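The sequence shown begins at -8 in the numbering used here and counts up one residue at a time.
Here's the structure, in structure tokens; my notes come after.
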Amino acid sequence: MSTERDQPGYRSGRTLFMVITGIIGLMVILAFSLAWVDSRMLNEINDFKSAGLTDLPNENADPEALLTFAAQEGINCSSIPDLFSGTGECASVLDIARTVNDYKSDQSAVWSIIALAVIALIITFTMFIHQASSNLKHLRSEGQKYTPGWAVGWFFIPGMNLFQPVRVMNELVKASGSTDTKDPVAWQNGNPPDGLIISSWWTLIIFSILFGPRGISLFVGRDNIEDWAASGRLLVWSDLFQVLPLVLTVIVVYRLQRAQEIRHQLVLGRQSSSPENS
């Protein structure tokens, strides 16, 4: 009876796939959480606009900056003692500053968890790619252009990682998905079965990095309350957009993992039916 010992070195990607799926599930929840934080702040901004404000104070603004903000907005709060006492119209200045600070604090908390999740995802994903590439020689699939090391390395080389990862994934899917176990290079004659999905997946990842929440925060100014509102709307949509490449990542990883499992079974079946195993 044939077992995985018939192919020393082959390792199933099922466990890594489950870990990747778990991390991505967490990241989807975090993306929705970030969208909720940003949409809540957007509602606050719209309320401030309706109240006649033309700007908002910066995060952790010092007392002098808050007094300058109050004077700019025509709020009767002109001294630091009044500001510290929180009486009269100074109370509204403190409320506005507290709203901005709470928003930034909530954002930072969510982003801290996202950063840890991204690191974990990068580690597990690269482990999966390296393992999948290493498996090919144990699945009677030969002639690959990318070694396991370079299959991972191309994801991290600036400029080249705009297009090389698509080629790496296409090769992995083609070599893993071939059902011809007689000819080790037969896979080279076909087209990648998931070529469109892979191209779309990597394009969306690039867009999510360049035009994601961090990109908007860096490149969209907040010189007045209209800028705050515009930035808030973009952030909400950008937060929600992050879900799409994450879901596609699960699909791409699953299809590659599944293709290798199927080919593994085909190779085992061929070994068990060969004359020497009869």
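Think of the CB as a built atom: it goes at the ideal place given N, C-alpha and C, for glycine as much as any other residue.
Just so you know, these numbers come straight off a predicted model, no measurement behind them.
G16 is positioned such that its CB atom lies no closer than 9 Å to that of Q251. In the three-state reduction of the DSSP assignment, I148 falls in the coil class, being assigned neither a helical nor a strand state. When C-alpha distances from I120 are compared across A111, D86, I104, V159, the shortest belongs to V159. For V19, the CB contacts under 7 Å within the same chain, skipping 5 residues up- and downstream, are V234, L237 in chain order.
By the CB criterion at 9 Å, V91 and N49 fall inside the cutoff. Burial check for A166: the Cβ neighbour count within 10 Å reaches 16 or more, so the residue is buried. For the 9 Å CB-CB criterion, S222 and S208 form a contact. Between the alpha carbons of W102 and T170 lies a distance of about 44 Å. By the Cβ test, the stretch 33 to 44 is not in contact with the stretch 244 to 258, since fewer than three Cβ pairs between them sit closer than 8 Å. A Cβ-Cβ contact shorter than 9 Å links P175 with S132.
Less than 9 Å separates the beta-carbon of V157 from that of S190.
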